[in-house]
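With this note's numbering applied, the sequence shown covers -18 to 261. Glycine residues also receive a C-beta, built at the ideal position from the N, C-alpha and C atoms. Computed from a predicted structure; not experimentally measured.
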Amino acid sequence: MLTDEQLRLREPFDVTGSFMPPLCEGNGARINRQWRERTGLPVEPMVETWPMKFGSFNEPLVLDYHEEKTGHAITRRGEVVAHPQRPNVGVTLDGFREHDNWIIQVKCCGSWQSIPHILDYYCCQAWLEAECTGAAGASLLVMHGGGEPVEYPIHVDANYREAVWARIDEFLDCIATLTEPYAITIPPIIPPEKWRRIDLDDEENAPNWGDQMRELITQWDETSDAARINSAAKDQIKRLLPDDVGRVVYGAKIIARARNGAVSIKRAKIDRNGNVFTED
């Protein structure tokens, strides 16, 4: 996690490196939280999750190991850098390799995450660090599922760079205009003690949805017996159908067994050539 001094130096930044993945992914909840925090609105404290703790603990080990393996020093660890033209955009470096003027961004990810996903998701973070420092490029140094760290250089073109800066500018404009990026309407939770009792037999005081509800209740009542018979017949059909039968046609009905063993029963129609099709 960041030190108090790093947090102080990052205070002017509306956009940071760690915020880039959710920003580019379009994570509405995370983007709105950042917007609320940067516009002075109350937010819930950020909880340090196990992946965050795991990454912070292993980051120095990964950098030291890679430094020793390659023979090239990785410096500027934990340095806070503002973008030279955008003082409200900045990053905190994991490391910088002076040998080739290169950003090294460490990621300690679970084995259930694929390498292509990891590279796609975190590419924008490493890219922004290169933009802020003027580095020649950047790599993601990935410890995948506890395995030996592997360096993956990232490659971006002019279109990617333009699109990411456009996304950053959209967010910064939301802050400047106090416009919530993702408007979220949260329905109120009504406690049981405040639930209403509606009598649809009382025509005079019935709500505006009363007529439609009466029709649906009547329809349910008229078809409930047939529905029970239909359900029971369906269960019996499934039990009767031998395991080695994949399809039964009877009249305009088809019984079909899927590859996973699931049995479906559908009405069918026949075209002019005698082909049978199930109705959607």
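By the three-class DSSP mapping on this structure, what secondary structure does ALA63 have?
On the sequence shown, residue 63 is found 82 positions in, with the first residue counted as 1. Of the three classes helix, strand and coil, the one that applies to ALA63 here is strand, per DSSP.
Considering only C-alpha positions, which residue in the set CYS89, ALA243 and TYR231 is nearest to TYR103?
By 1-based counting over the sequence shown, the position of residue 103 is 122. For the residues CYS89, ALA243 and TYR231, the minimum Cα distance to TYR103 belongs to CYS89.
Can you tell me whether ILE179 is helix, strand or coil according to DSSP?
For the purposes of this step, residue 179 is taken as residue 198 along the sequence shown, with counting starting at 1. Of the three classes helix, strand and coil, the one that applies to ILE179 here is coil, per DSSP.
Our contact map puts ASN13 next to GLU151 with C-beta atoms below 8 angstroms; I'd like the distance itself, whole angstroms only.
Taking the first residue of the sequence shown as 1, we reach residue 13 at position 32. Taking the first residue of the sequence shown as 1, we reach residue 151 at position 170. Actually they do not touch by this definition, with Cβ atoms about 14 angstroms apart.
Is it true that the CB of TRP83 sits closer than 7 angstroms to the CB of GLY59?
For the purposes of this step, residue 59 is identified with residue 78 of the sequence shown, where counting begins at 1. For the purposes of this step, residue 83 is identified with residue 102 of the sequence shown, where counting begins at 1. Going by C-beta atoms, GLY59 is not nearer than 7 angstroms to TRP83.
Own chain partners of GLY36 with C-beta closer than 6 angstroms, once the 5 adjacent residues on each side are dropped
Your numbering for residue 36 matches position 55 in the sequence shown. Cβ neighbours of GLY36 beyond the five flanking positions: CYS89.
Determine, using beta-carbon pairs with one atom in the segment 235 to 251 and one in the segment 211 to 227, whether at least three such pairs fall under 8 angstroms.
yes
Please say whether LEU121 and ALA107 have beta carbons closer to each other than 7 angstroms?
Your numbering for residue 107 matches position 126 in the sequence shown. Your numbering for residue 121 matches position 140 in the sequence shown. Yes; because the gap between Cβ atoms is below 7 angstroms, this pair is in contact.
Using a Cβ distance threshold of 8 angstroms, determine whether the segment 64 to 71 contacts the segment 89 to 101, with at least three qualifying pairs required.
no
Using three-state DSSP, classify TRP190 as helix, strand or coil.
Taking the sequence shown and counting its residues from 1, one reaches residue 190 at position 209. Looking at TRP190 - three-state DSSP - the assignment turns out to be coil, as it is neither helix nor strand.
Euclidean distance between Cα positions of GLY126 and ASN39:
For the purposes of this step, residue 126 is taken as the residue at position 145 of the sequence shown. For the purposes of this step, residue 39 is taken as the residue at position 58 of the sequence shown. Approximately 12 angstroms, taken between the alpha carbons.
Going by other Cβ atoms of all chains shown within 10 Å of its Cβ, with 16 needed for buried, is TRP31 buried or exposed?
As a working mapping, residue 31 is identified with position 50 in the sequence shown. TRP31 should be labelled exposed.
Which whole-angstrom value is the C-beta distance of ARG228 and ALA237, which I expect to be below 8 angstroms?
For the purposes of this step, residue 228 is identified with residue 247 of the sequence shown, where counting begins at 1. For the purposes of this step, residue 237 is identified with residue 256 of the sequence shown, where counting begins at 1. Contact holds; Cβ gap of about 5 angstroms.
Which one of PRO223, CYS105 and ASP75 has the shortest CA to CA distance from ASP138?
In the sequence shown, counting from the first residue as 1, residue 138 sits at position 157. Answer by Cα proximity: CYS105.
Three-state secondary structure assigned by DSSP to HIS125:
Along the sequence shown, one-based indexing puts residue 125 at 144. Three-state DSSP puts HIS125 in a strand.
Does the distance from the C-beta atom of GLY76 to that of LEU109 stay below 7 angstroms?
Taking the sequence shown and counting its residues from 1, the one referred to as residue 76 is at position 95. Taking the sequence shown and counting its residues from 1, the one referred to as residue 109 is at position 128. Not in contact: GLY76 and LEU109 (Cβ atoms no closer than 7 angstroms).
Distance CB(CYS5)-CB(VAL72) smaller than 7 angstroms
On the sequence shown, residue 5 is found 24 positions in, with the first residue counted as 1. On the sequence shown, residue 72 is found 91 positions in, with the first residue counted as 1. Against a cut-off of 7 angstroms, the Cβ pair of VAL72 and CYS5 comes out as no contact.
In the structure shown, what three-state DSSP assignment does GLN86 receive?
Along the sequence shown, one-based indexing puts residue 86 at 105. Correct three-state label for GLN86: strand.
Cutoff 8 angstroms; reference THR(-16); Cβ partners in own chain excluding five residues on either side
Here residue -16 is taken as the residue at index 3 of the sequence shown, counted from 1. If we look at THR(-16) and ignore the five residues flanking it on each side, its Cβ neighbours are GLY59.
Per DSSP, cross-strand counterpart(s) of ARG11
By one-based count along the sequence shown, residue 11 stands at place 30. The partner list for ARG11 (beta bridge, DSSP) is empty, contrary to what the question assumes.
Just the Cα atoms here: how many angstroms apart are LYS46 and PRO130?
For the purposes of this step, residue 46 is taken as the residue at position 65 of the sequence shown. For the purposes of this step, residue 130 is taken as the residue at position 149 of the sequence shown. It is worth fixing the name first, because residue 46 is Tyr in this sequence and not Lys. Taking the straight line from one Cα to the other gives about 8 angstroms.
Whole angstroms are fine: how far does the CA of PRO2 sit from the CA of MET194?
Indexing the sequence shown from 1 puts residue 194 at position 213. Indexing the sequence shown from 1 puts residue 2 at position 21. Distance between the alpha carbons of MET194 and PRO2: 46 angstroms.
LEU74 and ARG57: beta carbons closer than 7 angstroms?
As a working mapping, residue 74 is identified with position 93 in the sequence shown. As a working mapping, residue 57 is identified with position 76 in the sequence shown. Yes; because the gap between Cβ atoms is below 7 angstroms, this pair is in contact.
Under a three-way DSSP split, which group does GLY266 fall into?
An answer regarding residue 266 cannot be provided, because it is not within the stretch -18 to 261 covered by the chain.
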